[in-house]
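Student: Following this message is one structure expressed as structure tokens.
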Amino acid sequence: MTKRTLMIGLAVAAMSVFVVTGARLARSSAVDDDAFAALDTNRDGYISRDEMTAAAEAGFARNDANGDGQLTADELSAARERVGVFGQSGGEIMSISEQLKRMDTNGDRSLSRDEYVSGSLKLFDEMDTNHDGLLSREELAAGQVKLRNERVQDDKMAPKLKTK
């Protein structure tokens, strides 16, 4: 498996946050060129819904280590570790538990192919602020910042919520 193939898979997670399939994500508001290029397969400078769908499907297949049609927390974690980008403090946009909570629509604590792809597309739609069906680098960067800020805000609220 090539590093570029892994980057494509992880770039979707960034978007799924876009998240377990996200490639090396920049910590600033800038989008990693390699991650963006991995998703922008037709090289037009935008990520289309079709490109996101293809990347999500490929990422799911690649990361379903046991081939059971479900992505577990362990498989999502292993996918992140293979690329070696999410172990750094502050480097992840969405934790695995957050990804499961956001994408696991039937509550079984794993992601089916449909849940994974539809969750990725839902995130795509949230980031597509001008609703043209394409993600620019700017929209992707802004979406990543928004997700990161939501995570920080959730982390700050967690102790307050537990004490009530």
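Numbering of the sequence shown is given in this note's numbering, commencing with residue 76 and proceeding in unit increments. Where a beta carbon is used, it is the ideal one built from N, C-alpha and C, also for glycine. This one's a predicted model, so the numbers in the text were calculated from it and none came from an experiment.
1. Can you round the beta-carbon distance between TYR191 and LEU146 to whole angstroms, since I take them to be within the 8 Å contact cut?
2. Alpha carbons only, please: which of ALA216, ASN117, HIS206 and ARG188 is nearest the one belonging to ALA131?
3. Check this for me: beta carbons of GLU214 and MET202, under 7 Å apart or not?
4. Kindly provide the ranges of any alpha helix (DSSP H) runs that are 4 or more residues long and lie completely inside the segment 109-170, ordered along the chain.
5. Might you give, ordered along the chain, the residues of its own chain that have their beta carbon closer than 8 Å to the beta carbon of ARG184, omitting 5 neighbours on each side?
6. In the DSSP assignment, find the unbroken alpha helix (DSSP H) run with ASP183 in it and report its ends.
7. So, at 6 Å on beta carbons, what are the nonlocal neighbours of MET178 in its own chain, with the 5 sequence-adjacent residues on each side left out?
8. Let me check understanding here. Comparing Cα to Cα, which of GLU150, GLN219 and TYR121 lies closest to PHE135?
9. Under 7 Å between C-beta atoms, does GLY194 make it to chain B?
10. Taking C-alpha atoms, which residue in ASN181, THR180, GLY182 and SER152 lies nearest to MET169?
11. Under a Cβ-count criterion, where at least 16 other Cβ atoms within 10 Å of its own Cβ denotes burial, should GLY142 be classed as buried or exposed?
Tutor: If we stick to the structure as given:
1. Contact holds; Cβ gap of about 6 Å.
2. Distance from the Cα of ALA131 is smallest, within the candidate group ALA216, ASN117, HIS206 and ARG188, for ARG188.
3. Between GLU214 and MET202, the C-beta gap is smaller than 7 Å, which places the two residues in contact.
4. Scanning the segment 109-170 from its first residue to its last, the whole alpha helix (DSSP H) runs of 4-plus residues come out as 124-138 and 148-158.
5. Take ARG184, set aside five residues on each side of it, and the residues of its chain with a beta-carbon closer than 8 Å to its own are THR147, ALA148 and LEU175, in chain order.
6. Where ASP183 is concerned, there is no enclosing alpha helix (DSSP H), given that its DSSP letter is neither H nor E.
7. Result list for MET178: LEU186, GLU190 and GLY194, in chain order.
8. Considering only GLU150, GLN219 and TYR121, the residue with the shortest C-alpha distance to PHE135 is GLU150.
9. In the structure shown, chain B cannot be found, because there is only a single protein chain.
10. For MET169, the nearest C-alpha among the options comes from SER152.
11. Counting Cβ neighbours within 10 Å, GLY142 comes out exposed, since fewer than 16 surround it.
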